[in-house]
Structure formats: C-alpha cells, structure tokens
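Below is one structure, written out as structure tokens; the observations come after it.
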Amino acid sequence: MKRITFIKTSALAGLGLGFSGFKFHHLHGKTHILTLSFDDGFKKSFYRIADIHESYGLKACLNVIASGHLNSFKPKDKWIPPDSLGNFDDWNILQGRGHEIMPHTWEHLNLTEIPIVKAKENIDKCLNYFEEHLEGFKSSESVYNFAYNASTPELEDYLFQRVRAIRTGGWLVLNGSKSNLLPVSPKPARLGCWGYGPDFCDDFVEEQVNDFLASSGGWLILNLHGLENEGWGPIRTSYLDNLLMRVTKIDYLAVMSYGEVLGQTKG
Ligand SMILES: [Zn+2]
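Structure follows, in structure tokens:
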C-alpha cells in the first residue's frame, strides 16, 4: 500500500468512516509493519528468541510443527532434528509469557508434492492438534504457515474454511511486491513472506529491512528459523538483538506478531 493511501484509509477508519468499518487505532499511525516469523519450533532458540523480544516489549511470532515432539515425527529435512524441538508444554509456557504460537503443519511435508487428499488430512490433523493442546487456540483466528512456503490456491482455499490467514511464499501471492497490504477487512488473508538459507540470514534480513524502510510502507514478513546453529538459514543472536534495538526506535515502523496486525480488523 502506498503511504498516502494508507494515511487516508487510517484517517477515515479513525473517524469510523472507513469503508470496511474497521479501525487501525493500534497501529498508532505507523506506516511500516515488520513481522519476524520464526518457524519449526527449536526449543533452545525459541526460548531465547522470546527473551530477546521481551527485552524490547515485543511479542515473538513462533510457528511450530504440531507433531514435532511425537515419536511419529520423521523429518525428511536434515535442518529439523527432532531432538532439537520443543513440545506443547513449552509452547503453552511461551504463549503464557505473551508470545504468539501458530501452526506450521502437522509433519512438515511439502503439501504441494503429496496427494491432495493426504494434504487436506494433514491440515486438519494439524489444526485439530493445536485446538486440543494449545490453550485457548482458535483455528478461526490463526495463521497457517505452509512448510517450505509451498502452497496452491486449492490448499489455501481449503484452509480458509478454518483459518484467518495463510502464510506462503511472497513469490506466489505478492504480485511482484515485497510487502503485504495491511489487511482492511476480516476476509481471509494470503500473506506472503521471504526467507534466506541455508547459511546465516543476517545480511539478507538487513538488506530486506533497509529496502522496506526506504519504501512507502506495508507489512513485511520475514521467515526465520532458529538462532546460531539451529535450523535452515539461522540468524545470529547478537544480530537479532541489535536489529530489534534499532528498529524499535523508528517512529514509523512497528514490529508486530500476526495476531497484533490481524487483530486490527476485528472491528
Ligand atoms: Zn519449516
């Protein structure tokens, strides 16, 4: 969204005149929203990521594999060793500390490479497990994060029967833009993100954030994984800490979790 358009929409919404009737009060006039969306559920990293966010008064956006802690979980991906993953005791503790836990598949399969029937089964298993094991979880308010950011319109539409939004590859849904439009209605949202790996992603993140800051605004979602030696495309702990220290001082930018952004449209 171009800055001028957003300001206009915002001002109208503030007067209760927005065409959708939804308010953006919580954005406090920010034109740039940044979400750092951490995937997979590495126990050590996720506690540390939560600590770092807390030190800046931020909610971490953490996406976990529903069956990651079960003996049945046999990842095909060497970047996700099962013994590095946390369980739903951990996720409930982190949620209790104010962080956001969202689904990142049942067993981390690329759903575009398996039969559609099995893909839909896996989606339901994932959401059902979250509803049973994560306190207060509501599928209808959740953001489903596709593994490998791989999706098809058919899978996305299937998910929209149950979830608020899906997160997939920015190259699939952003029509050449780097950032998402800020949602202006409670309609299902297709959110596009960007990531980098398998090496450290620090330089990539720095470049993306700088480009975003120089743009007219919107909602940039960067897909991250673990810290230091955990996960595909990890981020250095000191870099993450320093990044959050810097960006939280920028008056036109807010670092927010999905729920904080989508919550603006609850009316
Ligand atoms: Zn993943």
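Residue numbers (our numbering): 1 to 267. All C-beta atoms, glycine included, are put in the ideal place defined by N, C-alpha and C. The structure displayed is predicted, hence computed values, not measured ones.
With respect to the beta strand (DSSP E) encompassing residue i, which residues constitute its N-terminal and C-terminal limits?
i, result
"CYS61", "61-64"
"ARG236", "Taken as a continuous stretch (DSSP letters only), ARG236 belongs to no beta strand (DSSP E), as it is neither H nor E."
"ASN145", "143-145"
"VAL255", "253-255"
"HIS108", "Counting along the chain, HIS108 falls outside any beta strand (DSSP E), and DSSP gives it neither H nor E."
"ASP282", "This structure cannot speak to residue 282, because the chain is shown only from 1 to 267."
"CYS126", "Looking at the DSSP string, CYS126 is not in any beta strand (DSSP E); the run it does join, the alpha helix (DSSP H), is 116-133."
"ASP40", "32-40"
"LEU222", "218-224"
"GLU100", "100-103"
Would you call residue i buried or exposed, if buried means 16 or more other Cβ atoms sit within 10 Å of its Cβ?
i, result
"PRO285", "Residue 285 lies beyond the range of the chain shown here (1 to 267); nothing can be said about it."
"LYS249", "exposed"
"ILE116", "exposed"
"TYR252", "exposed"
"PRO153", "exposed"
"MET256", "buried"
"GLY16", "Its pLDDT being 31, under 50, GLY16 is placed unreliably by the model, and the measurement read from it follows with that caveat. Exposed."
"TYR258", "buried"
"LEU262", "buried"
"PRO81", "exposed"
"ILE114", "exposed"
"ILE235", "buried"
Nearest chain D C-beta to residue i closer than 9 Å, yes or no?
i, result
"VAL143", "In the structure shown, chain D does not exist; there is a single protein chain."
In the DSSP assignment, find the alpha helix (DSSP H) that holds residue i and state where it starts and stops.
i, result
"ILE49", "43-55"
"ILE166", "No alpha helix (DSSP H) holds ILE166; the beta strand (DSSP E) holding it covers 165-169."
"LEU191", "Taken as a continuous stretch (DSSP letters only), LEU191 belongs to no alpha helix (DSSP H), being part of the beta strand (DSSP E) at 189-193."
"ASP90", "88-96"
"VAL209", "202-213"
Our contact map puts residue i next to residue j with C-beta atoms below 8 Å; I'd like the distance itself, whole angstroms only.
i, j, result
"LEU182", "ALA165", "The Cβ separation is near 13 Å, so there is no contact."
"VAL64", "ILE101", "6 Å"
"CYS61", "THR35", "6 Å"
"ASN180", "TRP219", "4 Å"
Touch test, the segment 55-62 against the segment 243-262, Cβ-Cβ under 8 Å, three pairs minimum = yes
Evaluate contact between the segment 116-126 and the segment 165-181, counting only Cβ atoms and requiring at least three cross-stretch pairs below 8 Å.
-> no
Pocket of ligand 1 (residues with CB nearer than 6 Å to any heavy atom), chain order | Selection output, chain order preserved: ASP39, ASP40, HIS104, HIS108, ALA147.
Are there three or more Cβ pairs, one per stretch, closer than 8 Å when the segment 58-69 is compared with the segment 184-200?
-> no
Kindly confirm or deny that the segment 128-142 and the segment 202-213 touch, where touching means at least three C-beta pairs closer than 8 Å.
-> The segment 128-142 vs the segment 202-213: no contact.
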